[in-house]
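Each protein sequence line maps, in turn, to chains W and U. With the working numbering applied, the first sequence covers 873 to 1276. With the working numbering applied, the second sequence covers 873 to 1276. Glycine included, each C-beta is placed from N, C-alpha and C at the ideal position. Note that this is a predicted model, so its numbers are computed, not measured. See structure below.
Protein chains: 2
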Amino acid sequence: MESGNLLIAQGGGPTAVINQSLVGAVLAAHRHPRIRNIYGAQNGVRGILEERFVNLGQETSGNLLRVAATPGSALGSTRDKPDRPYCQRIFQVLKTHNIRYFFYIGGNDSSETLRILQEYADGENYPLIGVHIPKTIDNDLECNDHTPGFPSAARFVAQAFAGADLDNYALPGVYVGVVMGRHAGFLTAASAGLRQSAEGGPHLIYLPERTFSVDSFLKDVNSIYKSLGRCVIAVSEGIHDADGVPMIAKLQATMEKDAHGNVQLSGTGALADLLTDTIKRELGIKRVRGDTFGYLQRSFLGVVSPVDQLEAREVGEKACHFALDEGMGGSVAIKRVGQYVVDYSLEPLEHVAGKTRVMPDAYISSGDNHITDDFQNYLRPLLGNDLPIASRLRAPLVAKLLTE
Amino acid sequence: MESGNLLIAQGGGPTAVINQSLVGAVLAAHRHPRIRNIYGAQNGVRGILEERFVNLGQETSGNLLRVAATPGSALGSTRDKPDRPYCQRIFQVLKTHNIRYFFYIGGNDSSETLRILQEYADGENYPLIGVHIPKTIDNDLECNDHTPGFPSAARFVAQAFAGADLDNYALPGVYVGVVMGRHAGFLTAASAGLRQSAEGGPHLIYLPERTFSVDSFLKDVNSIYKSLGRCVIAVSEGIHDADGVPMIAKLQATMEKDAHGNVQLSGTGALADLLTDTIKRELGIKRVRGDTFGYLQRSFLGVVSPVDQLEAREVGEKACHFALDEGMGGSVAIKRVGQYVVDYSLEPLEHVAGKTRVMPDAYISSGDNHITDDFQNYLRPLLGNDLPIASRLRAPLVAKLLTE
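Written out as C-alpha cells, the structure is:
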C-alpha cells in the first residue's frame, strides 16, 4: 500500500456530530506508519480547488476533543458539485500535495462527488484511496441502518415537539411544526419520538413519502381538533402534490436552486405560513400557529444523542481502518446487528453515491398521516437513554358547587 | 388571618419553569394550618369562571416533582382579560369555594388581572389575599432583576445562536434569527450569551428598544458581510419604525389581536422572510437564510437553566410565606443582592401590574445594533454554569504548492 498524505474534508449541511467523524479519523490516522501528514481541506472540495489546507497533525489532542463535541463543520463546508474541469484541477492539487488517501464526510451529494473524483483518479492510474464517511440529518443514505447526525437532529425534533405539545396543551389551538427532509421523512417522523399517549402530540405527521392533499389534511386537522380541542402537526418541508411538485413551490414565484438543482426549502417560514393560513381560512379556527424548525434542528449547541456521538466518532475511525490497514476505498456504513448494537461495513461507493433512501412503508401508518410502532422501535435506541421526561398533573377534579 | 382554601392558576404564555413555581407553592402550602384545600384552576381565570378546579392536595409528591421539571403550564393557561361581569362571576366562584388565598403565576397581563380582581374583592370587603408569582420569558416585569422563565429561554436562544453561528461559519452567508419579545429586547440580546469573539455571531442585534431603520440595517449587514464574508443577525419580533409601527404589521393586511389588544407576532415566519428577501434584493447576496425561533424558545423540553429552576421554585414558596405566614398580598419579586445571590421581596401589585420594563440604555451598544459587556455580565450567571462550549480548529495553514 501507498505512503503519503491523508486529506479530510466535510461536505453538505453541518450536523451536531460531523466533527466527531473528523476527529475520529484524525486520531486514528495520527502517527500511522503510512501517513506523513494529515491535512484538512477548508470548505470541502472548494478548498481543494483553491488549495486551502490546514495541518490537522498539528492540532492539540485537547482541542481536537473539544472540536469533536462542537456542532457544525469545523473545516467549513460546500455545496459545490465538481464537473470535469473542476475535477481535473482538484486532481492536480491532490497529486501535487501527494495526497494518497482522501476522506470525504458528507451525504449522498458528497459521496457522488467522491465517486466522480475516484473515477477520475482511477482513469489517470493515480493510486488514490477515497473513503466516504456518512453524515446526514435526513437519514437518507442507502446501505445504512441510519446515518450519523440523524439521531441528534431526531432528538432535537423529538424534544421540540414534546415541548410544543405541552405549550399547545396550555394554550389550545392548532400548531404546525415544519421539519427538514426533502425526500425522506425520517426526521419529521422523529417528532413522535417522545410521544407518551394518543392524546399527546404530534397528532398528525405528513411525510414526503406520501402525496400531500390539502383536502385530506384539512379533514384530518378538523377531526382531531373537534375531538381534542387542539391539534399538533408535524410536516416535512418536502411535502408535495401528486405530480411531485413541492407544496412550497406552489407558493413562491422565484425559486432559489443550489448547484445540485435542489430548490431552497429551508431558511424560510413560507410553508408553515401557507398551512396555518389555510387552516384559519378553511376551518375557521382562530389560534393557529406555525414554526419552521430551520437551522436550529441540525446545529443546535447542547442537544445531542450520546449514541450518535459515539457512532460518528467510530465511522471516522473505521475509515482509517479500511483505508490504511486494509487499503480499501468505499463508503463506510452503519449496520444494526442487535438490540441495540451496531457494526460497520465498507460499501462500494456506487451503492450509496447520489442515491436516496426513503422511509419503508412499514414505518408509515396506513392512514398516511402518522408513523407506526415499528418506527418508534427503530428510533428509540438512537435518541439515547438520557432523554428528558415530561409529566402531567393527575390531580382529581373538584366538584362544582355552582350550577352552570 | 383567615383559614380557607388556596387557589393557584397559571396565566399567559408557558415557560420552561412555570411548573416549578406551581409546585413550589403547592409543597409549601401542603399541611399548612391555615389551608384546608389546595385547588388549581384549569386555564387560568377562564377555569375560575367555569369552576374547573383540580385538587392539588391529592397529587403525589413524586408526580409533583416530575411536573415541576416539565415545561408548559401544567394547569393550562389563558389569555383572557376579565372585565367587570367576568370579575363578578369569578368573585362568586371564589366565595362559594371559600377561596381565601389566590396565587396567579404570570406576566404583566396576569398581574393586572389579579390587581383588578383584588380591587373587586376589597370593594366587597371579602378577605382575599392575592399574590402574583412572576413569570415571563420576556423579562419585562418592573421591580424584578429578572423573571423566572427568562433564564431558560435565554439559554435556549444563546445555545441556538451558538449553533447557528457554527452552521453559518460552515456554509457562509447571511443568517437572520427572529426572537420573541414584543417590547423588551432581553431575550433577543441573549443571542450573544455564548459569543466568544468579535468574529463570532451574532454580529448584529436589533432590539425593540430602538427604532428600526431598513437603511441602517442594510448598511450594517453589508459592512459585516464585506469584512467577514458572512453575517449572523438576531432580530426581535417587536422591531418597529419611528412611529412605533411593528415591521411585521407593514407586511400583513389582516392582523390577529388577542384580548389584550396585542398583535400576533409569533407563530409566523413573516418577519424573517421579509428581512431575508430585503437583504437578497438590496444587497445581492445569494445565500440568505431566516429562522423564526417561535414556540421552541419558550417550552423546549430539555434546555433549562438550573438557576432558573431553583428561583422559579423559590418564588412559589415565597408566595406562601408572604401570604400564609405574614398575611400579605402583592407581587413576589427577585432582587439580585450579590454576585451571584438573589433574595425575594413582596411589591405592591400596582407597581408591577400592566407595566412593562425594557432594557436599560447601559445594556445597548452605542451603535444601537449590539449589546454591551454590562449586559453580558448581567446575563451570564442566569444561564447556569453547565453550559456547552463550542471550540474551533486552530490547526496551521499548509503552504500552497501551486501558483494561483
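- In the DSSP assignment, Y1047(U) falls outside any alpha helix (DSSP H) and lies within the beta strand (DSSP E) extending over V1046 to V1051.
- A distance below 7 Å separates the beta carbons of Y973(W) and L878(W).
- Against I1261(W), the close residues of chain U are R938, A941, T942 and L1173, in the order they occur along the chain (beta-carbon pairs closer than 9 Å).
- Any Cβ of chain W closer than 7 Å to the Cβ of Y1167(U) would place that residue at the interface, and such an atom is present.
- Annotation: I1005(U) to Q1169(W) spans about 33 Å, alpha carbon to alpha carbon.
- The straight-line gap separating the alpha-carbon atoms of V1214(U) and G885(U) is approximately 24 Å.
- The beta carbon of L1090(W) sits closer than 8 Å to the beta carbons of T1150, I1151, E1154 and L1155 from its chain, once the five residues preceding and following it are set aside; these are given in chain order.
- Taking 8 Å as the upper bound for CB-CB distance, G944(U) and L1038(W) are in contact here, some 3 Å apart.
- Listed in chain order, the positions of the stretch 1236-1267 of chain W with a beta carbon within less than 9 Å of a beta carbon of chain U are L1259, P1260, I1261, A1262, S1263, R1264, L1265, R1266 and A1267.
- In this structure, DSSP gives R972(W) an extended state, which the three-state scheme calls strand.
- The stretch 1184-1197 of chain U makes no contact with the stretch 953-965 of chain U; the number of CB pairs closer than 8 Å stays below 3.
- Neighbours of L1274(W) in chain U, taken as residues whose beta carbon is under 8 Å from its own, are E923, Q964, V965 and T968 in chain order.
- Here D1163(W) is buried, its C-beta having at least 16 other C-beta atoms within 10 Å.
- The stretch 972-1024 of chain W contains, as complete alpha helix (DSSP H) runs of 4+ residues, the segments 980-995 (chain order).
- Those residues of the stretch 905-932 of chain W placed with their C-beta closer than 7 Å to a C-beta in chain U are Y911, G912, E923, F925, V926, N927, L928, Q930 and E931, ordered along the chain.
- In terms of Cβ geometry, A1106(U) and L1059(U) do not form a close pair [threshold 7 Å].
- Per DSSP, K1152(W) is one residue of the alpha helix (DSSP H) stretching across A1142 to L1155.
- In the structure shown, E1222(U) falls within a helical segment according to DSSP collapsed to helix, strand and coil.
- By the Cβ neighbour-count rule, D981(W) is buried, with 16 or more other Cβ atoms within 10 Å of its own.
- Where F925(W) is concerned, there is no enclosing alpha helix (DSSP H), although the beta strand (DSSP E) around it starts and stops at F925 to N927.
- Separation of the CB atoms of G916(U) and G883(U) is rounded to 4 Å, and the pair is thereby assigned contact status at 8 Å.
- Excluding its 5 nearest sequence neighbours in each direction, G1201(U) has C-beta neighbours in its own chain below 6 Å: I1001, G1002 and V1003, listed in chain order.
- Taking a contact as a CB-CB distance under 8 Å, the pair L1143(W) and I1157(W) does not count as one, their CB atoms being some 18 Å apart.
- Taking 8 Å as the upper bound for CB-CB distance, C1015(U) and E1222(U) are not in contact here, some 11 Å apart.
- Under a criterion of Cβ atoms nearer than 7 Å, the residues of chain U adjacent to Q1031(W) are, in order, F1172, L1173 and G1174.
- An exposed status is given to G995(W), since fewer than 16 other beta-carbon atoms sit within 10 Å of its beta-carbon.
- Ranked by Cα distance from Q1068(U), the options A1262(U), A1271(U) and L1273(U) are led by A1262(U).
- Contact between E931(U) and A1267(W) holds, with the beta-carbon distance rounding to 5 Å and staying under 8 Å.
- For K1098(W), the three-state secondary structure derived from DSSP is helix.
- Using a C-beta cut-off of 8 Å, the stretch 1230-1238 of chain W makes contact with the stretch 1075-1083 of chain W, since at least three inter-stretch Cβ pairs fall below that distance.
- With its beta carbon at least 7 Å from every one in chain U, S1108(W) lies outside the interface.
- If you compare the alpha carbons of S1085(U), N1040(U) and G1035(U) with that of A888(W), the shortest gap goes to G1035(U).
- Across the structure, G876(W) and I988(W) are spaced so that their CA atoms are roughly 22 Å apart.
- Non-local C-beta neighbours of H904(U) in its own chain, meaning closer than 6 Å and more than five positions away in sequence, comprise L1196, ordered along the chain.
- Of all alpha-carbon atoms in A1032(U), A1056(U) and G1057(U), the one lying nearest the alpha-carbon of Y1047(U) is that of A1032(U).
- Around N1241(U), the same chain offers L1076 and D1092 as residues with beta carbons nearer than 6 Å, after the five sequence neighbours per side are excluded.
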